[in-house]
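Asks: Mapping of the sequence shown onto our numbering: position 24 corresponds to residue 519, and the numbering continues sequentially without gaps.
What follows is a single structure, and I will ask about it in a moment.
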Amino acid sequence: MIIKSATFICSNTKISALPVANMPEYAFIGRSNVGKSSLINMLVNQHGLAKTSQKPGKTQLINHFLINEKWYIVDLPGYGYAKVSKNSRESWEKFIRNYITKRESLQCVFVLIDSRIPPQKIDIEFCCWMGEIQIPFVLAFTKTDKQSVTKTNQSISLFKKELSGWFEEIPPIFATSGEKGLGKDEILHFIEQTNLDFAMPILTPREDL
Numbered sequence: 496m497i498i499k500s501a502t503f504i505c506s507n508t509k510i511s512a513l514p515v516a517n518m519p520e521y522a523f524i525g526r527s528n529v530g531k532s533s534l535i536n537m538l539v540n541q542h543g544l545a546k547t548s549q550k551p552g553k554t555q556l557i558n559h560f561l562i563n564e565k566w567y568i569v570d571l572p573g574y575g576y577a578k579v580s581k582n583s584r585e586s587w588e589k590f591i592r593n594y595i596t597k598r599e600s601l602q603c604v605f606v607l608i609d610s611r612i613p614p615q616k617i618d619i620e621f622c623c624w625m626g627e628i629q630i631p632f633v634l635a636f637t638k639t640d641k642q643s644v645t646k647t648n649q650s651i652s653l654f655k656k657e658l659s660g661w662f663e664e665i666p667p668i669f670a671t672s673g674e675k676g677l678g679k680d681e682i683l684h685f686i687e688q689t690n691l692d693f694a695m696p697i698l699t700p701r702e703d704l
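Okay, here's the thing in structure tokens:
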């Protein structure tokens with residue numbers, strides 16, 4: 496797939512304010528500071544499309560980017576960042592859940608995992624929740640350029656081992672680097688193939704969430 500255009504469309508916290516669900520969407524989510532914005536920018540060849548920050552928890556909205564005028568990348572707030580108020584955290588978590596469970600055109604969730612650290616409980620729990628509600632997801636291990644291939648493979652193996660106790664089949668896995676472009680072709684090919692199976696959803700009346 497060749498990316499010809501990538502355009503910011505909107506940011507919001509309400510399902511009712513999202514674009515009409517008439518094109519396939521791919522949501523990107525992970526713990527704060529996992530490298531989500533860098534990965535999105537790498538995929539679409541635009542350095543500043545998704546805003547990067549050294550401050551965890553900066554993304555607090557659902558951000559829609561229209562790609563090639565045919566499908567969306569959706570940048571979701573990071574989970575697990577503790578240095579915000581309890582009410583704010585609960586509010587973010589609610590609209591993340593609402594989006595993932597109610598968005599008719601969501602095709603797949605990319606769950607981003609920092610390849611440099613051991614499996615984290617919050618990541619495993621999020622993957623298990625995705626499995627319980629039967630939302631398709633894949634794993635994208637980030638920041639692989641920060642270490643050797645051997646260490647990245649070890650991290651992936653450890654994470655797969657943790658998931659194997661909960662899943663009969665491990666979801667697809669991509670090793671990525673926002674700086675080096677690793678994983679770009681594989682992810683875009685995956686999206687391209689998934690788009691072929693997109694069927695226009697039967698839209699239900701929107702709720703003001």
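The beta-carbon is built from N, C-alpha and C at its ideal position, and this holds for glycine as well.
Per DSSP, what kind of secondary structure is residue 640 in: helix, strand or coil?
Replies: Residue 640 falls in the helix class under three-state DSSP.
Asks: For residue 597, which residues of its own chain have a beta-carbon under 7 Å away from its beta-carbon, when the five flanking residues on both sides are left out?
Replies: Closer than 7 Å at Cβ, skipping near neighbours: 510.
Asks: Do residue 669 and residue 633 have their CB atoms nearer than 8 Å?
Replies: For residue 669 and residue 633, yes; Cβs fall inside 8 Å.
Asks: Are the CB atoms of residue 659 and residue 651 nearer to each other than 8 Å?
Replies: No, the Cβ-Cβ distance between residue 659 and residue 651 is not below 8 Å.
Asks: Report all residues from its chain with a CB closer than 8 Å to the CB of residue 560; omit the five preceding and five following residues, and keep chain order.
Replies: Counting only Cβ-Cβ distances below 8 Å, and skipping sequence neighbours, we find 501, 502, 503, 504, 535, 539, 544, 545, 567, 568, 569, 570.
Asks: According to DSSP, is residue 618 part of a helix, a strand, or is it coil?
Replies: Of the three classes helix, strand and coil, the one that applies to residue 618 here is helix, per DSSP.
Asks: Taking the straight line between their C-alpha atoms, what separation do you get for residue 610 and residue 678?
Replies: Those two C-alpha atoms are separated by around 13 Å.
Asks: For residue 618 and residue 630, which I take to be in contact (beta-carbon distance under 8 Å), what is that distance rounded to the nearest angstrom?
Replies: No, residue 618 and residue 630 are not in contact; Cβ-Cβ is about 15 Å, not under 8 Å.
Asks: Smallest Cα separation from residue 614: which of 591, 655, 599?
Replies: Of 591, 655, 599, the residue nearest in Cα terms is 655.
Asks: Identify whether residue 684 lies in helix, strand or coil by the three-state DSSP scheme.
Replies: Helix at residue 684.
Asks: For residue 590, which three-state DSSP category applies?
Replies: DSSP places residue 590 in helix when its eight states are reduced to three.
Asks: Does DSSP put residue 504 in a helix, a strand or coil?
Replies: Looking at residue 504 - three-state DSSP - the assignment turns out to be strand.
Asks: Distance, Cα to Cα, residue 647 vs residue 675?
Replies: Cα to Cα, the separation comes out at about 15 Å.
Asks: Anyone know if the C-beta pair for residue 603 and residue 671 falls short of 8 Å?
Replies: Contact flag unset, no.
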